[in-house]
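As structure tokens, the structure follows; a few thoughts come after it.
Protein chains: 2
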Amino acid sequence: MSEQHFGLVDHSNTYPPHQDHREEETFELSEHGELLYSEHSNQSFSTKRPTYEDGNTIDWLREENAERERQRCLKSQRGARGLLLPFMDASRMWFVIVLTGIGIGVTGAWLDVLVKWLADFREGHCVHGFFYNQPSCCSGFDAGEICTDWQSWGQYLDIQYILGQSLLHSVVYVALAVVFAGSAAILVQFYAPYAFHTGIPEIKAILGGYVLDAFLSPWTLLIKALGLALAVASGLSLGKEGPLVHVACCMAYLLSGLFKQFRHNEAQKRKLLAAAAAAGVSVAFGSPLGGVLFGLEELDTFANESDVMWRGFVTSVIAAMSLQYIDPFGTAKLVLFQVTSITDTWRAFELVPWLLLAVAGGVLGSLLIKLNVRVALYRRHSALNDWPLLEVVGVSALTAAISYLIVFTRVQTSELVANLFQECDPSKTDYHGLCNPTAMWENVFLLIVTALLKIALTAWTFGMMIPAGIFLPTIAVGASLGRAVGLLTQGLQRAYPGAWVFSSCPPDPTVPCVSPGFYAVIGASAMLAGVTRMTISLVVILFELTGALSHVLPIMISVMTAKWVGDACGKDGIYSVWIAMRKYPWLPPVAYRDKGETAAQVMTPIERLVIIEDGCTLGELDNLTRKYNFHGFPVVRDAELVGYVTRDKLIEFLFAREPATLSTRRCTFSSRRSTAEDNLENLSNLVEEAILQLRKEQPQELVVDMFQKLNLRQILFTHEGRLTGMVTKTDIVALLNLHFPHTAALSELPGRP
Amino acid sequence: MSEQHFGLVDHSNTYPPHQDHREEETFELSEHGELLYSEHSNQSFSTKRPTYEDGNTIDWLREENAERERQRCLKSQRGARGLLLPFMDASRMWFVIVLTGIGIGVTGAWLDVLVKWLADFREGHCVHGFFYNQPSCCSGFDAGEICTDWQSWGQYLDIQYILGQSLLHSVVYVALAVVFAGSAAILVQFYAPYAFHTGIPEIKAILGGYVLDAFLSPWTLLIKALGLALAVASGLSLGKEGPLVHVACCMAYLLSGLFKQFRHNEAQKRKLLAAAAAAGVSVAFGSPLGGVLFGLEELDTFANESDVMWRGFVTSVIAAMSLQYIDPFGTAKLVLFQVTSITDTWRAFELVPWLLLAVAGGVLGSLLIKLNVRVALYRRHSALNDWPLLEVVGVSALTAAISYLIVFTRVQTSELVANLFQECDPSKTDYHGLCNPTAMWENVFLLIVTALLKIALTAWTFGMMIPAGIFLPTIAVGASLGRAVGLLTQGLQRAYPGAWVFSSCPPDPTVPCVSPGFYAVIGASAMLAGVTRMTISLVVILFELTGALSHVLPIMISVMTAKWVGDACGKDGIYSVWIAMRKYPWLPPVAYRDKGETAAQVMTPIERLVIIEDGCTLGELDNLTRKYNFHGFPVVRDAELVGYVTRDKLIEFLFAREPATLSTRRCTFSSRRSTAEDNLENLSNLVEEAILQLRKEQPQELVVDMFQKLNLRQILFTHEGRLTGMVTKTDIVALLNLHFPHTAALSELPGRP
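Quick look at the structure:
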């Protein structure tokens, strides 16, 4: 009877399997994988649940199962313990959440103070105390009074000649930049190589299940925070936003290590990290809602997990409150660069320059990404790869030297942005002469030069051996361009107040019609959208800066246009590009659209799979586990799928056996087969419970969707009971990165040859 | 060889299947289902894709497939058409989005104006124009001047005696309440029965895939908006928030009907509705971010779909801006009840009364839900079921009569809440004597009476035959309680200013230490959390009211405590309870935790399934489709799973056959079987491509998770190729509603006997 139905058995793979398979399961960097598993095979398998090593991907289903078991165990305790233990459990979680929030708020404030002090130190020092920065040194003086307590280096060394003073200032400026940046690079290179760069690509990968514990170590935390302060103070073209997210995650990781419930469960740990990441953004921008939406949009961590979102929200708010409570500059300002005196309304004609800015943001954002990739590839394949310190010193010297020449770039980037966002107000100081209408063309020229310079410098700096975020320099580029366009529009309106397009302006020429400061905001949002390809979190962050509901619409339009234009120039944002270059097993949450392909095109067909034939000897199983470090193997009998068994379960099972019996005893994974037969061991309890089977005619995008939503490691394909192939997460990651030519270009870990 | 492996065949079901199956596929209300399918079997099956009728659940996979095909078709057009058509496609979507935003903003403003006019009409009228409300009638007068243009009814009829005036006023007050509420009920009952209630449960079900087009018809839109204005003006204990969400969805549905791309695709239509729902909340509370987070948390629509979230954000902002632009009251206030003059800081001892309020909110919220369920069940099973109009008239008369007696309830609920949120300020009007310290006990007593009264009235009103939202009355209950507790705390602090607990208060007794207005906010947030069980969206909405970051923390703590207490008293929020009572096929997005059960406990085992045996005659298939209106049938051969075929595909196939051939020809669904054999028709192309197979040992919560995340209709369970059972969405919905005793208590549709 069976012969009649299954007469077409043609895939009857025999063991040993074909040799021309591909590595369908190695998320582990291959050298790590070997290391990990060769260690494993020689050590005891006393613990049921494996601990993951760096380079692995966690098994979400297993982690969730373990947590479920633990919870059940807690709740099944008798009497008061049954009530108290779950409560203690929740308390520990909230303890970590709240402490992380406070910690990152304090760290953010401390960083601000340190950066300000270091940056001021490049210009002079306080006579009554080395450790005061300029504002606190001069805090005893009234406004307008000249602060004599603060001495520039020229005054200190008593140099009388203007030329000598300028020379000295510039030399100190450049030298200290080099010293700061160099120290940061030395710290990073010798103590915590993972503290380099922004950290957001790694955090996205980790939240998706990648294991990289070294990235979150206390040492990394310390070096990243300290190095960040030095790097920012050195005046390099970088920001603190991304690294702050990294620092927040390190902090949560450190605190979570205190409790077994997180230490022993990678999934629970990741839920804490997600909450911490939101707090990092909250502190960086002083925008708690922006932090939550960043977690939602960019880190894609809260999908279907409102608990995690709520924790992220709590951490964000607590972090923002801590920062506000400490109030590092005594300004009671939470946000980095508050926008003030926004005029109430905007005119329809302004949409034209704003759309221009949006298009420019999209194009320049893509350009910045492309340049950055080029530089990263060049760095990897040139002599710079061996001399990261020299690169940092060289670039910081160059940056400082050029920056000193231009009035806008000489100050700290955050100060520049704050000034560019400011509207002209006769009662306030006119920063850098931006409000001088006679100097319009000079200003426009200088602003455009600043923008182009910052693009070039940022493209180079983002990826060097120092902590570096890309948000702030991007904002600076956008704000400069935006202010330039704003000045031009204002000039045009002042020159032709009677023109038809300007008829909506107030007739009184003393009432300003165009607000160039808001053009800077628009430019910044467009540029950010072009570089990061985020939408809603950017709008919320910038909305929290401006505070005016009426101005959300222009920001929204510019963000969207910039994203469209950017997507047309190149599909990926800067973080996705870096994830692809480093080859982290991360599935972007974007909707994948196939062109009619089915799963058959992406799956590894049965002919190229390493499979276990039911009924083989234990010795053959042993060989298999030694030969291949895949995560697991499908088990078939006459091409009919029996199940899927993971390699570590097999190793654990085989380790407990006498080596002598291995070659004689045979195995079966089917519970239906009798074990009365001699020499047959029933291994059916090793078979995984949760295995998804699909048909290979399924559209590719549905397969991708399942991997994205269910955090799967593999899907098996069957046709009427027979195994036809398998798709793993690696296959899907590769599929989604097909369009990007430099995938895996930087896949080695930093600091390792 | 096969005999050896498959010797345990014991499930060999023969056709016809057992009769003791359960209806595993009827989402369709059974009478509808019959109707739908009997119509179908007699009409042509020329169109490939079925149109869904009310009561069905859409097939997401099929809809997404159709959209994918359409997109591919658009993009494959040659030349300019290939560029233009996708652009036009996107433009249509944005056209609907923007127009819905503007529409709901305008509707919100218009509703405000109408309600104000109707409510003022209960007190008097304007002498120089019937259609002016009190503020616009008196707009020519200076502050302090007595407005002679506005005449109360007593002045109009020239009644001199105070007693007569009072009597007249109260009679007009009650009579007009009855007239307004009665008109609303008549409109709803005779023209649009779906316009009753809040609408949020239905919208949640619709967004999850339920088909209920009558709920979104233009007629419902009109009646709901008009009826809502009348109901709110009648002074019944209800709010406009939920109904506004419904109105927004109706609007989006109406506009989406203009374009084929939405008319013919239920999934695309639902994505528009999700965006519109966010806009409804945005207008109701003047809180665009709150709207987005409401969509995210309560409607669970944006999970993994950042496009949809972005659209929701755009619609929310546009709606809020339209409302602000129209500015119905000329106050330039966007939010319903802006909180002003919040003191900068709060003291630690205040956490004690706030926690008390949070616990009270959780308990009373649960009580309100339980009362509301009781009333709904009583209404259904008593004579009231046949006299909905009478019920509305009676309750509105009662509400008006009682409300007139208490100073707090006589005004509109929104006005009451605004006053309760207001801090005492000597320079402003003292509403209702709330700021009079000598009347503290009277105020506390009256506030508590108000709260209890509102709970009772709301529990009855929410579910009557009128449009009614539950947000505003809940806020009113919470605010009354909160203000009462605030007054008590303030009184305590004033009585014992030197006590140890109050040592953190400023020593100067004239400086206020306790702000009772903020206690009202805390009370409102706790009560809302108790009733709706939302968290983050509530905090954001209330944060947008207060605007002070420092006050987010107490709001957060109270929301969370209230939710915890509420969950301990009863698991479901008010909307979930109504969904369960109406038996909509909606899966709550909550994480389901099993107690160690596997899928085997929830699945229908093969013995109780209606299955198709491969090789049966076409006549048998025909019988099957006529006998059972399930969505589809698994196909097996000797218990081995061949595939799954939907009923409508079978009907379509059979309809094209000659009736005479049905009894002789046999069918196979296996592509492996040769059709050379006579009388064998190969139906393998009817088999569904996307069928999920799992093992029945899989933990139940993973099965639930898959249904929640992948929008599935069914999962098949196999063991080594053999079908062991099936789980459908209905099974999962039933599983998640097991704890609720009144599931399906109101499952008939309103207005149908």
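These protein sequence lines map, in sequence, to chains A and B. The numbering of the first sequence is UniProt numbering, which starts it at 1 and goes up by one. The numbering of the second sequence is UniProt numbering, which starts it at 1 and goes up by one. Heads up, the beta-carbon is just placed ideally off N, CA and C, and yes, glycines get one too.
Close Cβ partners of residue i (< 6 Å) along its chain, the five nearest in sequence each way excluded
| i | result |
| --- | --- |
| Leu-472(A) | Gly-239 and Thr-413 |
| Thr-458(B) | Ser-237 and Pro-473 |
| Ile-536(B) | Leu-293 and Glu-297 |
| Val-514(B) | Thr-489, Gln-490 and Gln-493 |
| Phe-313(B) | Val-292 |
Unbroken beta strand (DSSP E) run spanning residue i, endpoints
| i | result |
| --- | --- |
| Phe-633(A) | 632 to 637 |
| Ser-152(A) | 150 to 152 |
| Asn-682(B) | 680 to 682 |
| Thr-410(B) | Note that residue 410(B) corresponds to Arg in the displayed sequence, not to Thr. Note, Arg-410(B): premise wrong, no beta strand (DSSP E); alpha helix (DSSP H) at 407 to 410. |
| Leu-710(A) | No beta strand (DSSP E) holds Leu-710(A); the alpha helix (DSSP H) holding it covers 700 to 710. |
| Leu-438(B) | Here residue 438(B) is Thr; the residue named in the question, Leu, does not match the sequence. It is not in any beta strand (DSSP E) - Thr-438(B) carries neither H nor E in the DSSP assignment. |
| Glu-727(B) | Here residue 727(B) is Val; the residue named in the question, Glu, does not match the sequence. 722 to 728 is the extent of the beta strand (DSSP E) around Val-727(B). |
For residue i, three-class secondary structure by DSSP
| i | result |
| --- | --- |
| Asn-372(A) | helix |
| Trp-387(B) | coil |
| Gly-433(B) | helix |
| His-11(B) | Annotation note: pLDDT 33 at His-11(B) (below 50); position unreliable, coordinate value reported separately. Note: His-11(B) maps to coil in three-state DSSP. |
| Glu-613(A) | strand |
| His-169(A) | helix |
| Cys-73(A) | helix |
| His-551(B) | helix |
| Pro-467(A) | strand |
| Arg-92(A) | helix |
| Tyr-210(B) | strand |
Neighbour flag for residue i against chain A, beta carbons, 8 Å
| i | result |
| --- | --- |
| Pro-605(B) | no |
| Arg-593(B) | yes |
| Ile-536(B) | yes |
| Pro-699(B) | yes |
| Gln-693(B) | yes |
| Leu-710(B) | yes |
| Val-514(B) | no |
| Arg-72(B) | yes |
Presumed contact (8 Å Cβ cut-off) between residue i and residue j, rounded CB distance
| i | j | result |
| --- | --- | --- |
| Ala-599(B) | Val-727(B) | 6 Å |
| Ala-745(A) | Arg-380(A) | 7 Å |
| Trp-586(A) | Lys-116(A) | With a Cβ gap of about 36 Å, Trp-586(A) and Lys-116(A) do not count as contacting. |
Close Cβ partners of residue i (< 7 Å) along its chain, the five nearest in sequence each way excluded
| i | result |
| --- | --- |
| Arg-582(B) | Pro-201, Leu-746 and Ser-747 |
| Ser-576(B) | Pro-588 |
Below-8 Å beta-carbon distance, residue i vs any chain B residue
| i | result |
| --- | --- |
| Arg-533(A) | no |
| Ile-579(A) | no |
| Val-314(A) | yes |
| Gln-412(A) | no |
| residue 759(A) | The displayed coordinates of chain A run from 1 to 753. Any statement about residue 759(A) would go beyond what the structure contains. |
| Asn-65(A) | yes |
| Gly-721(A) | yes |
| Gly-530(A) | no |
Own chain, CB closer than 8 Å to residue i, minus 5 neighbours either side, in chain order
| i | result |
| --- | --- |
| Arg-494(B) | Pro-437 and Pro-509 |
Boundaries of the alpha helix (DSSP H) in which residue i is found, first to last residue
| i | result |
| --- | --- |
| His-246(B) | 241 to 256 |
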